[in-house]
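Asks: As given, the protein sequences belong to chains A, B, C, D, E and F, one line each in that order. Note that our numbering has the first sequence beginning at 6, numbered continuously upward. Note that our numbering has the second sequence beginning at 6, numbered continuously upward. Note that our numbering has the third sequence beginning at 6, numbered continuously upward. Note that our numbering has the fourth sequence beginning at 6, numbered continuously upward. Note that our numbering has the fifth sequence beginning at 6, numbered continuously upward. Note that our numbering has the sixth sequence beginning at 6, numbered continuously upward. Please find one structure pasted underneath; my questions will follow.
There are 6 protein chains.
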Amino acid sequence: MAAIQAPENPEENPRVKAVFDDIRATRGSDFVNNIWRYLAFDPALLERTWAEVKEVMATPSALDPLTKEMLYLAVSIINNCEYCVHSHSAGARAKGMTPEMHGELLSIVSLAAKTNHLSNALQVPVDDVFKIPDV
Amino acid sequence: MAAIQAPENPEENPRVKAVFDDIRATRGSDFVNNIWRYLAFDPALLERTWAEVKEVMATPSALDPLTKEMLYLAVSIINNCEYCVHSHSAGARAKGMTPEMHGELLSIVSLAAKTNHLSNALQVPVDDVFKIPDV
Amino acid sequence: MAAIQAPENPEENPRVKAVFDDIRATRGSDFVNNIWRYLAFDPALLERTWAEVKEVMATPSALDPLTKEMLYLAVSIINNCEYCVHSHSAGARAKGMTPEMHGELLSIVSLAAKTNHLSNALQVPVDDVFKIPDV
Amino acid sequence: MAAIQAPENPEENPRVKAVFDDIRATRGSDFVNNIWRYLAFDPALLERTWAEVKEVMATPSALDPLTKEMLYLAVSIINNCEYCVHSHSAGARAKGMTPEMHGELLSIVSLAAKTNHLSNALQVPVDDVFKIPDV
Amino acid sequence: MAAIQAPENPEENPRVKAVFDDIRATRGSDFVNNIWRYLAFDPALLERTWAEVKEVMATPSALDPLTKEMLYLAVSIINNCEYCVHSHSAGARAKGMTPEMHGELLSIVSLAAKTNHLSNALQVPVDDVFKIPDV
Amino acid sequence: MAAIQAPENPEENPRVKAVFDDIRATRGSDFVNNIWRYLAFDPALLERTWAEVKEVMATPSALDPLTKEMLYLAVSIINNCEYCVHSHSAGARAKGMTPEMHGELLSIVSLAAKTNHLSNALQVPVDDVFKIPDV
Numbered sequence: 006m007a008a009i010q011a012p013e014n015p016e017e018n019p020r021v022k023a024v025f026d027d028i029r030a031t032r033g034s035d036f037v038n039n040i041w042r043y044l045a046f047d048p049a050l051l052e053r054t055w056a057e058v059k060e061v062m063a064t065p066s067a068l069d070p071l072t073k074e075m076l077y078l079a080v081s082i083i084n085n086c087e088y089c090v091h092s093h094s095a096g097a098r099a100k101g102m103t104p105e106m107h108g109e110l111l112s113i114v115s116l117a118a119k120t121n122h123l124s125n126a127l128q129v130p131v132d133d134v135f136k137i138p139d140v
Numbered sequence: 006m007a008a009i010q011a012p013e014n015p016e017e018n019p020r021v022k023a024v025f026d027d028i029r030a031t032r033g034s035d036f037v038n039n040i041w042r043y044l045a046f047d048p049a050l051l052e053r054t055w056a057e058v059k060e061v062m063a064t065p066s067a068l069d070p071l072t073k074e075m076l077y078l079a080v081s082i083i084n085n086c087e088y089c090v091h092s093h094s095a096g097a098r099a100k101g102m103t104p105e106m107h108g109e110l111l112s113i114v115s116l117a118a119k120t121n122h123l124s125n126a127l128q129v130p131v132d133d134v135f136k137i138p139d140v
Numbered sequence: 006m007a008a009i010q011a012p013e014n015p016e017e018n019p020r021v022k023a024v025f026d027d028i029r030a031t032r033g034s035d036f037v038n039n040i041w042r043y044l045a046f047d048p049a050l051l052e053r054t055w056a057e058v059k060e061v062m063a064t065p066s067a068l069d070p071l072t073k074e075m076l077y078l079a080v081s082i083i084n085n086c087e088y089c090v091h092s093h094s095a096g097a098r099a100k101g102m103t104p105e106m107h108g109e110l111l112s113i114v115s116l117a118a119k120t121n122h123l124s125n126a127l128q129v130p131v132d133d134v135f136k137i138p139d140v
Numbered sequence: 006m007a008a009i010q011a012p013e014n015p016e017e018n019p020r021v022k023a024v025f026d027d028i029r030a031t032r033g034s035d036f037v038n039n040i041w042r043y044l045a046f047d048p049a050l051l052e053r054t055w056a057e058v059k060e061v062m063a064t065p066s067a068l069d070p071l072t073k074e075m076l077y078l079a080v081s082i083i084n085n086c087e088y089c090v091h092s093h094s095a096g097a098r099a100k101g102m103t104p105e106m107h108g109e110l111l112s113i114v115s116l117a118a119k120t121n122h123l124s125n126a127l128q129v130p131v132d133d134v135f136k137i138p139d140v
Numbered sequence: 006m007a008a009i010q011a012p013e014n015p016e017e018n019p020r021v022k023a024v025f026d027d028i029r030a031t032r033g034s035d036f037v038n039n040i041w042r043y044l045a046f047d048p049a050l051l052e053r054t055w056a057e058v059k060e061v062m063a064t065p066s067a068l069d070p071l072t073k074e075m076l077y078l079a080v081s082i083i084n085n086c087e088y089c090v091h092s093h094s095a096g097a098r099a100k101g102m103t104p105e106m107h108g109e110l111l112s113i114v115s116l117a118a119k120t121n122h123l124s125n126a127l128q129v130p131v132d133d134v135f136k137i138p139d140v
Numbered sequence: 006m007a008a009i010q011a012p013e014n015p016e017e018n019p020r021v022k023a024v025f026d027d028i029r030a031t032r033g034s035d036f037v038n039n040i041w042r043y044l045a046f047d048p049a050l051l052e053r054t055w056a057e058v059k060e061v062m063a064t065p066s067a068l069d070p071l072t073k074e075m076l077y078l079a080v081s082i083i084n085n086c087e088y089c090v091h092s093h094s095a096g097a098r099a100k101g102m103t104p105e106m107h108g109e110l111l112s113i114v115s116l117a118a119k120t121n122h123l124s125n126a127l128q129v130p131v132d133d134v135f136k137i138p139d140v
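What follows is the structure, given as structure tokens:
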């Protein structure tokens with residue numbers, strides 16, 4: 006159950022259609038998932054969001070696609086985004102994440118959350134060796 | 006400024022000394038950073054935390070050490086742990102993270118935070134293709 | 006599915022009835038939404054919470070009712086409260102939030118989340134011009 | 006370095022003076038800590054906040070004062086409030102929290118954070134036995 | 006709807022069976038709740054998580070079992086873990102949390118969240134009396 | 006103390022210079038604050054972030070500039086971004102936020118955090134009247 010009414014025929018709006026066409030072309034698939042169908046209620050937000058996703062996630066770069074998708078999933082878990090946990094778990098699997106890697110990702114995410122809170126609870130002072138001088 | 010008084014001579018406690026010795030041996034370095042010096046106030050918590058860090062982060066596994074460290078850093082950013090952001094930025098650099106990779110990591114983390122909140126704001130329903138049947 | 010059993014006939018308790026009567030009178034409506042029906046399990050908590058909502062949100066003040074409701078919605082999105090996202094999206098619409106304003110609110114909330122995490126990731130030092138001397 | 010200018014002589018405002026007097030009387034101490042000195046910039050917010058703290062934390066109730074203070078500290082850790090971690094660590098120590106109890110509190114908080122994120126990552130369905138029927 | 010496929014017959018794996026047997030023995034009950042059934046997809050993660058839960062939560066210690074469970078619940082609320090809120094509300098009730106105590110816990114958790122955010126919004130400087138010198 | 010080394014002469018890079026020039030022109034001021042000086046380590050991230058800030062925050066739209074800035078500040082408080090709380094408190098003051106409005110903003114943010122956590126703690130079911138049918 007969504008918190009807004011998604012447009013029923015989003016592609017009647019040419020700005021939306023252009024984005025959906027680019028999603029399909031970029032992914033080589035006819036499927037446009039729900040986040041884009043709901044963002045279509047605001048074409049400018051849809052355009053801006055897709056442009057950023059395409060540039061950051063779908064352009065060859067220093068990090069490989071699986072690492073990028075796993076980083077996305079790790080953040081989605083910590084932010085507790087139900088939709089994103091589902092879509093990026095599926096996305097990482099599609100890019101080659103094995104159950105073993107998934108288990109490791111979860112081990113790291115939950116360990117990091119643990120030591121993050123321990124550090125915050127103790128207000129541990131930063132070691133001098135980690136300090137970078139301000140400009 | 007910490008929220009507890011760290012023990013002044015932590016290695017007088019043999020349980021603490023054993024952990025610190027293992028940290029030094031595992032890392033091949035004499036340096037024991039502050040999080041361990043503060044956790045030493047509770048030897049059982051220190052032992053448990055180090056054992057988990059060693060097993061998850063310092064044991065060869067399906068994910069390479071740099072990917073693991075970047076996942077740890079991504080979580081630390083979202084949880085806003087100042088100490089951890091400093092220590093794991095340094096840790097990732099030591100394992101080979103270039104400025105270009107660091108920039109990409111930040112691009113992904115901040116983009117994910119953005120779409121996480123958009124999905125939560127819209128309460129986007131999960132697409133059927135992402136659904137995994139319960140046991 | 007709630008985590009507590011809400012009272013079946015909450016208004017049998019006169020303290021609860023007094024709060025519900027005031028909610029109806031303040032809003033000019035017979036409808037009492039679920040958060041109040043569940044909080045009724047602890048009349049003191051119900052009274053305190055409603056008194057604060059009434060004072061902060063339903064009393065004429067420097068900020069107009071729509072701005073106040075949009076601020077409430079922005080916080081609810083970041084805290085990922087499903088119930089609150091639904092109720093305050095509806096509340097903001099009832100107070101005049103157009104789809105265009107809703108899209109802007111989401112653009113701001115998601116952009117802020119993005120730059121918040123970038124600042125935290127970089128641990129950007131506060132500029133001198135922003136500093137306010139301590140008393 | 007604060008984000009607002011605290012009033013230099015807050016007790017010149019009689020509403021602020023009344024709150025500060027009540028803080029001193031309730032605690033049997035002349036010391037008024039900074040959170041109250043900064044909240045004094047908005048007397049209504051100061052009054053409301055102190056009234057709630059007094060009712061919830063300083064009134065005899067089903068939970069003993071140490072348990073209440075430790076719950077407050079646990080929340081402050083997860084919300085990463087630097088000021089609150091310091092003040093409520095001190096507060097809990099003043100109410101009898103030993104280093105051993107502090108270590109246990111940290112063990113529980115960090116373990117809970119870990120399993121919270123594991124559950125969210127897996128989107129574990131709620132067991133039937135935990136389900137409470139809606140009214 | 007989970008984000009992974011839980012193993013259908015988890016106890017065919019002897020490492021999983023050993024953990025489930027220990028859960029049943031420790032709790033004196035045949036019931037193994039879903040978090041363990043889903044974590045079974047990664048036996049090492051399952052073993053590590055259960056060992057920590059058993060040591061921290063099920064071993065007699067300085068804090069009584071009810072206080073420990075309420076601390077766990079408080080963290081789960083702030084981290085907004087739906088599964089954990091249900092399971093630890095039930096767990097705390099089973100250990101003796103009355104509705105009155107539950108109401109108090111909620112009063113404290115929500116008050117703490119409120120003052121945490123006020124402190125962060127004002128960036129209140131830590132009082133000298135709360136400061137503990139670094140080692 | 007930052008977590009990266011900001012470039013010493015960022016405007017030697019023409020992409021960075023173009024962004025800084027546009028920041029100065031858009032704001033009618035010579036001052037470029039630190040977030041931009043640190044983001045300059047990754048020109049693509051700098052360009053993308055500034056372009057979005059300019060489009061969302063500095064372009065006339067349905068919401069007035071003060072409302073937009075206050076929404077930004079509210080999110081920054083909840084995400085506990087120290088840098089952002091300072092810069093956007095200053096920004097909102099520059100756009101006309103009075104101390105009275107600031108106090109109201111804080112009252113709303115902290116009240117919302119409180120009821121968000123109460124709703125999550127109770128797992129309050131969404132009222133039918135708030136439900137919007139899926140497409």
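All C-beta atoms in this analysis are idealised placements derived from N, C-alpha and C, irrespective of residue type, glycine included. If you're wondering where the values come from, they're calculated on a predicted model, not measured in any experiment.
To the nearest angstrom, report how far apart leucine 123(E) and histidine 122(A) are at their CA atoms.
Replies: Locating residue 123(E) in the fifth sequence gives position 118, counting from the first residue. Locating residue 122(A) in the first sequence gives position 117, counting from the first residue. When rounded, the distance between both Cα atoms is 20 Å.
Asks: Find the residues of chain C that neighbour glutamate 109(B), judging by a C-beta separation of less than 7 Å, and give them in chain order.
Replies: Numbered from 1 along the second sequence, position 104 holds the residue referred to as residue 109(B). Result: empty, since nearest Cβ-Cβ is about 12 Å, beyond 7 Å.
Asks: For a quick check, are the C-beta atoms of alanine 95(E) and phenylalanine 46(D) less than 7 Å apart?
Replies: Looking up residue 95(E) in the fifth sequence gives position 90. Looking up residue 46(D) in the fourth sequence gives position 41. Result no, Cβ atoms of alanine 95(E) and phenylalanine 46(D) do not sit closer than 7 Å.
Asks: Once DSSP output is grouped into helix, strand and coil, what is the label at alanine 156(F)?
Replies: What is shown of chain F runs 6 to 140, which leaves residue 156(F) out entirely.
Asks: If you measure between the beta carbons of tyrosine 77(E) and alanine 117(D), is that distance less than 7 Å?
Replies: Here residue 77(E) refers to the residue found at position 72 of the fifth sequence. Here residue 117(D) refers to the residue found at position 112 of the fourth sequence. Yes.
Asks: With which residues is isoleucine 137(F) paired in a DSSP beta bridge?
Replies: Along the sixth sequence, read from residue 1 onward, the residue named residue 137(F) stands at position 132. Ala7(A).
Asks: For valine 114(D), which of helix, strand or coil comes out of DSSP?
Replies: Counting from 1 along the fourth sequence, the entry for residue 114(D) is found at position 109. It is helical.
Asks: Can you find a C-beta in chain D that's less than 7 Å from the C-beta of lysine 119(C)?
Replies: The residue you call residue 119(C) lines up with position 114 of the third sequence. With 7 Å as the cut-off, lysine 119(C) does not count as an interface residue toward chain D.
Asks: Under 7 Å Cβ to Cβ from lysine 22(D), same chain only, skipping five residues before and after it: list those, please.
Replies: The residue given as residue 22(D) occupies position 17 in the fourth sequence. If we look at lysine 22(D) and ignore the five residues flanking it on each side, its Cβ neighbours are Glu16.
Asks: I'd like to know whether the C-beta of alanine 67(A) is nearer than 7 Å to at least one C-beta of chain C.
Replies: Reading the first sequence from its first residue, position 62 is the one you call residue 67(A). Not one chain C Cβ lies under 7 Å of alanine 67(A).
Asks: Cα separation between lysine 59(D) and lysine 73(A)?
Replies: Numbered from 1 along the fourth sequence, position 54 holds the residue referred to as residue 59(D). Numbered from 1 along the first sequence, position 68 holds the residue referred to as residue 73(A). Rounded to whole angstroms, lysine 59(D) to lysine 73(A) spans 49 Å at the Cα level.
Asks: Hey, how far is the Cα of glycine 101(F) from the Cα of leucine 71(F)?
Replies: Within the sixth sequence, numbered from 1, the residue matching residue 101(F) stands at position 96. Within the sixth sequence, numbered from 1, the residue matching residue 71(F) stands at position 66. Those two C-alpha atoms are separated by around 7 Å.
Asks: Quick one: residues in its chain with C-beta nearer than 7 Å to the C-beta of proline 48(C), no 5 flanking neighbours on either side, listed in chain order?
Replies: For the purposes of this step, residue 48(C) is taken as residue 43 along the third sequence, with counting starting at 1. Excluding residues within five positions, the ones whose Cβ falls inside 7 Å are Asn18, Arg20, Val21.
Asks: Determine the chain D residues that contact proline 53(C) at a beta-carbon separation under 8 Å, and present them in chain order.
Replies: Here residue 53(C) is taken as the residue at index 48 of the third sequence, counted from 1. In the sequence under discussion, the amino acid at residue 53(C) is arginine, which differs from the proline named in the question. Ordered by position in chain D, the residues that pass the 8 Å Cβ test against arginine 53(C) are Glu57, Glu60.
Asks: Along chain A, in chain order, which residues have C-beta atoms closer than 7 Å to that of lysine 136(F)?
Replies: Here residue 136(F) refers to the residue found at position 131 when the sixth sequence is read from its first residue. Chain A residues near lysine 136(F): Met6.
Asks: Candidates Leu44(A), Arg29(A), Glu13(A): which alpha carbon is nearest glutamine 128(B)'s?
Replies: Residue 128(B) sits at position 123 when you count from the first residue of the second sequence. Answer by Cα proximity: Leu44(A).
Asks: Within 7 Å (strictly less), CB to CB, does glutamine 128(A) reach chain F?
Replies: Here the question's residue 128(A) lines up with position 123 in the first sequence. It does not; no Cβ of chain F falls within 7 Å.
Asks: Grab me the residues of threonine 54(A)'s own chain with a C-beta within less than 8 Å of its C-beta, minus the 5 sequence neighbours each way, in chain order.
Replies: To locate residue 54(A), count along the first sequence from 1; it is residue 49. Taken in chain order, the residues that qualify are Leu44.
Asks: List, in chain order, every chain B residue whose beta-carbon is nearer than 7 Å to that of isoleucine 40(E).
Replies: Numbered from its first residue, the fifth sequence carries residue 40(E) at position 35. The premise fails here: isoleucine 40(E) is roughly 13 Å from chain B at the closest Cβ pair, so nothing lies under 7 Å.
Asks: Give the interface partners of valine 114(A) over in chain E, defined as CB-CB distance under 8 Å, in chain order.
Replies: Taking the first residue of the first sequence as 1, we reach residue 114(A) at position 109. Chain E residues near valine 114(A): none, gap ~11 Å exceeds 8 Å.
Asks: Name the chain D residues that come within less than 7 Å of asparagine 14(A), Cβ to Cβ?
Replies: Taking the first residue of the first sequence as position 1, residue 14(A) is located at position 9. Chain D residues near asparagine 14(A): none, gap ~31 Å exceeds 7 Å.
Asks: Going by CA-CA distance only, name the one from Asp133(B), Thr103(B), Ser92(B), Ile113(B) that's closest to valine 37(B).
Replies: Counted from its first residue, the second sequence places residue 37(B) at position 32. Considering only alpha carbons, the answer is Ser92(B).
Asks: Any idea what DSSP makes of valine 58(C), helix, strand or coil?
Replies: Position 53 of the third sequence holds residue 58(C). Helix at valine 58(C).
Asks: Give the DSSP-derived three-state secondary structure of phenylalanine 46(F) in the structure shown.
Replies: To locate residue 46(F), count along the sixth sequence from 1; it is residue 41. It is coil, neither helix nor strand.
Asks: Can you pull out the residues from the region 68-80 of chain B whose beta carbon lies closer than 8 Å to at least one beta carbon of chain A?
Replies: Listed by position, the residues of the region 68-80 of chain B near chain A (Cβ gap below 8 Å) are Leu68, Thr72, Lys73, Met75, Leu76, Tyr77, Ala79, Val80.
Asks: Rounded to whole angstroms, what's the CA-CA distance from threonine 31(A) to alanine 63(A)? Just pull it up for me.
Replies: In the first sequence, counting from the first residue as 1, residue 31(A) sits at position 26. In the first sequence, counting from the first residue as 1, residue 63(A) sits at position 58. One C-alpha to the other measures close to 8 Å.
Asks: Taking Cβ positions, are alanine 79(F) and alanine 79(C) nearer each other than 7 Å?
Replies: Position 74 of the sixth sequence, counted from the first residue, corresponds to residue 79(F). Position 74 of the third sequence, counted from the first residue, corresponds to residue 79(C). Cβ atoms of alanine 79(F) and alanine 79(C): closer than 7 Å.
Asks: Short check: CB of alanine 8(E) to CB of valine 90(A), under 7 Å?
Replies: In the fifth sequence, the residue the question calls residue 8(E) occupies position 3. In the first sequence, the residue the question calls residue 90(A) occupies position 85. A contact, by the Cβ cut-off of 7 Å.
Asks: Return the Cβ separation of isoleucine 83(E) and valine 114(E) in integer angstroms, given the expectation that the two are a contact with Cβ distance under 8 Å.
Replies: Residue 83(E) sits at position 78 when you count from the first residue of the fifth sequence. Residue 114(E) sits at position 109 when you count from the first residue of the fifth sequence. That pair is a contact at about 7 Å.
Asks: With a threshold of 7 Å between beta-carbons, can serine 34(B) be considered close to chain F, or not?
Replies: Translated into positions along the second sequence, residue 34(B) becomes position 29. It does not: the Cβ of serine 34(B) has no partner Cβ on chain F nearer than 7 Å.
Asks: If the cut is a Cβ gap below 8 Å, which residues of chain F does alanine 95(C) touch?
Replies: In the third sequence, counting from the first residue as 1, residue 95(C) sits at position 90. Going along chain F in sequence order, the residues near alanine 95(C) (Cβ under 8 Å) are Val134, Phe135.
Asks: Should leucine 51(E) and glycine 108(A) be called a contact, given that it needs their Cβ atoms to be closer than 7 Å?
Replies: The count along the fifth sequence starts at 1 and reaches residue 51(E) at position 46. The count along the first sequence starts at 1 and reaches residue 108(A) at position 103. Not a contact, by the Cβ cut-off of 7 Å.
Asks: Whole angstroms is fine: what's the gap from glutamate 105(F)'s alpha carbon to proline 12(B)'s?
Replies: Position 100 of the sixth sequence, counted from the first residue, corresponds to residue 105(F). Position 7 of the second sequence, counted from the first residue, corresponds to residue 12(B). Answer to the nearest angstrom: the Cα atoms are 46 Å apart.
Asks: Is the separation between the beta-carbon of asparagine 125(D) and that of asparagine 125(A) shorter than 7 Å?
Replies: If you number the fourth sequence from 1, residue 125(D) lands on position 120. If you number the first sequence from 1, residue 125(A) lands on position 120. No; because the gap between Cβ atoms is not below 7 Å, this pair is not in contact.
Asks: Rounded C-beta distance between proline 130(E) and aspartate 69(C)? I'm assuming under 8 Å.
Replies: Looking up residue 130(E) in the fifth sequence gives position 125. Looking up residue 69(C) in the third sequence gives position 64. Rounded, the Cβ-Cβ distance is 33 Å, inconsistent with contact.
Asks: Is the beta carbon of methionine 75(E) less than 7 Å from the beta carbon of leucine 110(E)?
Replies: Here the question's residue 75(E) lines up with position 70 in the fifth sequence. Here the question's residue 110(E) lines up with position 105 in the fifth sequence. Going by C-beta atoms, methionine 75(E) is nearer than 7 Å to leucine 110(E).
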